[in-house]
Amino acid sequence: MYRANSEKDEEKLLKSIGVSSFEDLTRRLPKNHLNPGLGLPKSVSELEFSRVIESLARKNGDPLSFLGAGAYDHFISAVVPAIQSRGEFATAYTPYQAEASQGTLQSIFEFQSMVAEIYGMDVANASLYDGATALAEAVIVAVRQTGKKVALLPDALHPHYRRTLETYFAATHGVQLVTLGCPKGIIEEHDLDSKVKNYQGKIAALVIQSPNFFGCLEDGEKLTRIAHAAGAISIVSANPLALGLLTPPGEYGADIAVGDGQPLGIPLSFGGPYVGLFGCKKELMRKMPGRLCGKTLDADGKTGYVLTLQAREQHIRREKANSNICSNQNLMALGFTLQTSCLGPEGLKELAELNLQLAHYAAGQIAKIPGFKLSFPNPFFNEFVVETPAPAESFHQKVLNMGILAGFPLKNYFPALDHHLLINVTEKKSVEDIDRLVSVLRSVK
Amino acid sequence: MSRLEPLLIDQSVPGRRAARFDRCPVSQPLDQLVPSKFIRKIKPRLPEVTEFQVVRHFTRLSQLNYSIDTNFYPLGSCTMKYNPKVNEAMANLPGMKNIHPLAPESMTQGVLELLYNLEQWLVKMTGFDAFTLQPAAGAHGELTGILIAEAYHRAKGNKKSTVLIPDSAHGTNPASAAFASYNVIQVKSLKDGQLDLNDFRSKLTDEVALLMMTLPNTLGIFEEQIETIIREAHAKGALVYLDGANFNALAGVLKPGDLGFDICHINLHKTFSTPHGGGGPGAGPVGVKGALEPFLPVPRITREGNIFHLRESKHHYPQSIGQMRSFFGSTGILIRAYAYMLALGEDGLKEMSRRAILNANFIRVRLSKLLKPPADEPCMHEAVFSGLPILKNGTKTLDVAKRLLDYGFYAPTIYFPLIVPECLMIEPTETETPETLEDFCQTMEKIAAEIEKDPEMVKHAPYTTPVRRLDEVQAAREPILKWPSQNEQFDATNEKVPFKTSLKK
Amino acid sequence: MSNLEQYRFAKTHEWISPDGTVGISDHAQREMTDVVFVELPKMGLEVKIGEACAVVESVKAAFDIYAPVSGKITKVNHAVSKKPALLNQSPYENGWIFVMEKANPAEEMALMSHSDYEKFIEDETNGH
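Residue numbers (the numbering used here), protein chains in the order written: chain A, 1 to 445; chain B, 1001 to 1505; chain C, 2001 to 2128.
Below is the structure:
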């Protein structure tokens, strides 16, 4: 039990309050509904319930996994949980009282700096819920900024991101989501040009994801040029770890960069909590959703950090707020900051390159198996699609029975792609692991 | 310019690194794998430091923070209770922490069972029929709830365009409603915080889609007329939403579903002890009555005998509003809340709210001679006061809040709700001892005396925190939101300039 | 020196001068406290009386500025973009926000004179 007073304390409290029984305090509540039976079990000891949860944990499998699809198994330095679990960080409140929150605030400032640097953007916020909601918020900014209503989305956008956008914009009158076909794994320029013409003057944003759901890299520079020529805002959703090596959106003039910080310092944890990243050009700074931390001076001239531009946020602006978001994923943002600090620019580059090399080795070896081929000819980072000789789902199941999770059968989200597996390789896989995957794929009929 | 703890980038020395990797045993020339246009030209300006520098830097930063583990947080409506350490251990079990959200069901039966059970606990506690565990925060839950209401009305062909929200509501309520393209109409409150029924009735038209209520309200008072209000809203075809921020007062005391609410969200990082983390992550599960269940977001967990299924397709749930985010939800947080629920059980939950209400009323009575409560009624889990009775000589509630920091207390919630002038909202929670509460009240009396004797001193508090009051005006006029990039001036501490200059624009 | 007697005031605390210059009152700037940012209206924007057309942000809050009369925005004051403090320092002169071409002279009659406005804010502060 975590309550802090005993029965004896309760007597004293009632006396101080000046009532004879606890029921005097709840007399306003409807009597016929008061103190219901909940049908829940009794309290148990820590020993007891931790046993229950441990046994549930043991029921989950632990195969050799090549599954990515938007959530990645990467190395996390032991420094990350050690610092994150410090009570001063974990149990602190939102830093509204800045004088008592400089630890949180300075770490947010460092997070914002790192995100902006990785994405090559002028500014970044203190984080949003995840990559999907960050993308939704970016489209909202684009719609408000341009006054236009159409957003172009590639078919190869992560399906969960797409669905989140569809949900967010179902009730927002007039915002139209238009799909760009990606039959060869990336946005087809021909299709893009014709859609740009069709929706001439109405396009708020072009959404680019690189690497996209299929793992392919998009030519962000060319696509941004096309977006700007159409009077639209260029929004790029990118994996921050990949950007240790690959061109960041800021380098080719994208207006908004978003993504999920999960690959840097955040465990898979069955889908969350993760951390949404949002960076943009200076011109859009005051239109950014979410919290922002700024540097300033205190009354004695000391450097300090404080939440700023709060007038745009829900707790002040209410229905006119930029967004309804009230929190950032602060402790996960701290995880991202810690991991990135441990890597540094050279470490991040080396890690990205390690992913690239291992994935390309795996792709090359799989392509050599009779009946298998790489589906798309495009450059990729650490994820790629292979075509299987038999329906991918049954293949996948047979391989799983041998203790290996061979990526993700695409049929779940792309019904026509029923002979296709999305395979991810990170630095957590050794060459031996990859060789084992290849030999199992080769042997399964 | 003096600093407490320099930025990590200012402690950076080129060539230093914490994490290293072994050489890649399979290596092909880079330009054969990826065309050079895809390779980054400009190095990001990130810290180059040793592991020990990282640890020392962030440990020192942590020591600049107040936190629940170190200080009493009387923040109203935030429920800053003890965060049990066992919850951390549970969420960090490798069998939970390392599970991929898209892994096949045969690999995830343990976590699916846990999450399914969590949903059932929430159903039983609240009297709603089904929950989604997807929303990543309370505000996210509100948006989810509003989108569910919107989808429901649309499916029924109801012409609804407005949402009614009390003027005492939290800012996320109108922000969420406006986001879903509803017109927000404010309903007035009476002086004691209860809804002004006349104003409510005058604004309750056929156009109203939803009424959003907080219970107890944001003044910590139970809305006596709630069942009447809900009945009248229903009669006009409007749904009623419960903002569950104050559920710490209701758990085991009342089931909001019994009162007639249609939709709710619960803040797991408030009532259910998951850590605030300095601003997140939280979780805001949303509960609905049966008629709204078809509209819940996907994926959902179902049970067939002893097998648990994760269902996400629109074939199973054709009327679902879809997904509110990627993957299932903030499972790490959900596990923590589940562990807490198991620990408390039904008897523990009832004790939790009971002690929370007792502690808050102790504060209410103890401080009622000093400050002014808006009504002479018992409060529930939080006590609200106007600071006016002690604010003399130009001092404001803000000054009292800052002075409390000098005594090692985090400040209460101030200036919310908006309808109480110079407002202080105090929620002690059930996990604070009577000694701490008494200490806090004595400190308030001390500060009141300081205001009498030396108001100027109080106006410039705090003095003992790592920094004094900060220039927020300057921070907003000329925002500095990140450390300098490569093409900007470096500090004098960075003698070498190892990176390329000029960011391509 | 501005001739306040010639200015007309809206209940929402904007003033308009005979030549169509618009700003916020001294009372408003004091209530807002330090202005940190001004979002100027678009040039050429046509507005109806009472329509929100600009935003003034302080640390406390963001305030909509409502057109005191109907008309067209013909000039905006970039100086307050660069130095938002002008609204606090000189609300009736250098802190002007925009100039508009008045569409309907009758609307101005419905606004308050300076002395009526002073009385109005006195009642607002005390009464309520």
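Beta carbons are placed, not taken as given, at the ideal position from N, Cα and C, and that holds for glycine.
(request) Taking Glu1382 of chain B and Ser1077 of chain B to be in contact with their CB atoms under 8 Å, please state how far apart those CB atoms are, rounded to whole angstroms. (result) 6 Å
(request) Taking C-beta pairs closer than 7 Å, name the residues in chain B that Gly70 of chain A reaches, listed in chain order. (result) Ser1326
(message) For Asp2019 of chain C, would you say it is in contact with chain B, using Cβ-to-Cβ distances shorter than 8 Å as the test?
(response) no
(message) Within a Cβ cutoff of 6 Å, which residues of the same chain sit near Asn1393 of chain B, ignoring the five residues on either side of it in sequence?
(response) Pro1455
(message) What does the alpha-carbon distance come out to for the pair Tyr2117 of chain C and Pro2084 of chain C?
(response) 24 Å
(request) Could you tell me the distance, in whole angstroms, from the CA atom of Pro1498 of chain B to the CA atom of Gln1032 of chain B? (result) Low confidence applies here, because Pro1498 of chain B scores a pLDDT of 34, under 50, leaving its location unreliable and the question unanswered by this model.
(request) Determine the direct distance from the alpha carbon of Leu206 of chain A to that of Asp193 of chain A, and round the result to whole angstroms. (result) 12 Å
(request) Return the residue from the list B:Pro1101, B:Arg1016, B:Val1288, B:Arg1154 that minimises the CA-CA distance to Gly1329 of chain B. (result) B:Pro1101
(request) Give the residues from the stretch 2027-2038 of chain C that approach chain B closer than 9 Å (Cβ to any Cβ), ordered along the chain. (result) Thr2033, Asp2034, Val2035, Val2036, Phe2037
(message) Please list the terminal residues of the continuous alpha helix (DSSP H) segment that includes Tyr1152 of chain B.
(response) 1138-1156
(request) For Arg58 of chain A, return the contacting residues in chain C, with the cut-off set at a CB-CB distance below 9 Å. (result) The contacting residues do not exist; Arg58 of chain A stays about 53 Å from chain C at best.
(request) Tell me where the beta strand (DSSP E) around His1234 of chain B begins and ends. (result) Where His1234 of chain B is concerned, there is no enclosing beta strand (DSSP E), although the alpha helix (DSSP H) it sits in stretches over 1226-1235.
(request) Would you decide whether Pro1389 of chain B is buried or exposed? Buried here means 16 or more other CB atoms lie within 10 Å of its CB. (result) exposed
(request) Name the two residues that bound the continuous beta strand (DSSP E) containing Asn1183 of chain B. (result) 1183-1187
(message) List, in chain order, every chain B residue whose beta-carbon is nearer than 9 Å to that of Thr133 of chain A.
(response) Ala1136, His1140, Met1324, Arg1325, Ser1326
(message) For the structure I just gave you, are there three or more beta carbon pairs, one from the stretch 220-231 of chain A and one from the stretch 170-182 of chain A, closer than 8 Å?
(response) no
(request) Give a yes or no on contact between the stretch 377-394 of chain A and the stretch 28-44 of chain A, applying the rule of three or more CB pairs nearer than 8 Å. (result) no
(message) Cutting at 8 Å between CB atoms, please list the residues of its own chain near Lys1255 of chain B, excluding the five before and the five after it.
(response) Met1125, Thr1126, Gly1127
(message) At the level of alpha carbons, what is the spacing between Phe2098 of chain C and Thr1395 of chain B?
(response) 36 Å
(message) Quick check: what's the CA-CA separation for Gln200 of chain A versus Ala230 of chain A?
(response) 7 Å
(message) Pairs of beta-carbons, one from the stretch 1314-1325 of chain B and one from the stretch 1156-1171 of chain B, closer than 8 Å: are there three or more?
(response) no
(request) Just mark Lys2042 of chain C as buried or exposed, buried being the case when its beta carbon has 16 or more other beta carbons within 10 Å. (result) exposed
(request) Determine whether the Cβ of Val2055 of chain C lies closer than 8 Å to any Cβ atom of chain B. (result) no
(message) In this structure, how does DSSP classify Phe1128 of chain B when only helix, strand and coil are distinguished?
(response) coil
(message) Taking the straight line between their C-alpha atoms, what separation do you get for Asp155 of chain A and Gly181 of chain A?
(response) 5 Å
(request) Quick one: which unbroken alpha helix (DSSP H) runs of 4-plus residues sit fully inside the stretch 1079-1134 of chain B? Chain order, please. (result) 1085-1091, 1094-1097, 1109-1126
(message) With a threshold of 8 Å between beta-carbons, can Tyr2066 of chain C be considered close to chain A, or not?
(response) no
(message) Between which two residues does the alpha helix (DSSP H) holding Lys287 of chain A run?
(response) Neither: Lys287 of chain A is in no alpha helix (DSSP H) and is coded neither H nor E.
(request) Figure out for me which residue from A:Pro389, A:Asn355, A:Leu67, A:Asn412 has the closest Cα to the Cα of Pro240 of chain A. (result) A:Asn355
(message) My output table needs one value for Glu7 of chain A: the three-state DSSP class, helix, strand or coil.
(response) helix
(message) With H, G and I counted as helix, E and B as strand and the rest as coil, what does DSSP make of Tyr2066 of chain C?
(response) strand
(request) Return the first residue and the last residue of the beta strand (DSSP E) that Ser394 of chain A is part of. (result) Here Ser394 of chain A belongs to no beta strand (DSSP E); instead the alpha helix (DSSP H) covers 392-401.
(request) With a threshold of 16 other CB atoms inside 10 Å of the CB of Pro370 of chain A, please say whether the residue is buried or exposed. (result) exposed
(message) Going by beta-carbon coordinates alone, are Met1324 of chain B and Pro1084 of chain B separated by less than 8 Å?
(response) no
(request) Indicate whether at least one CB of chain C lies closer than 8 Å to the CB of Arg3 of chain A. (result) no
(message) Alpha carbons only, please: which of B:Ser1326, B:Gly1305, B:Val1286 is nearest the one belonging to Glu1312 of chain B?
(response) B:Ser1326
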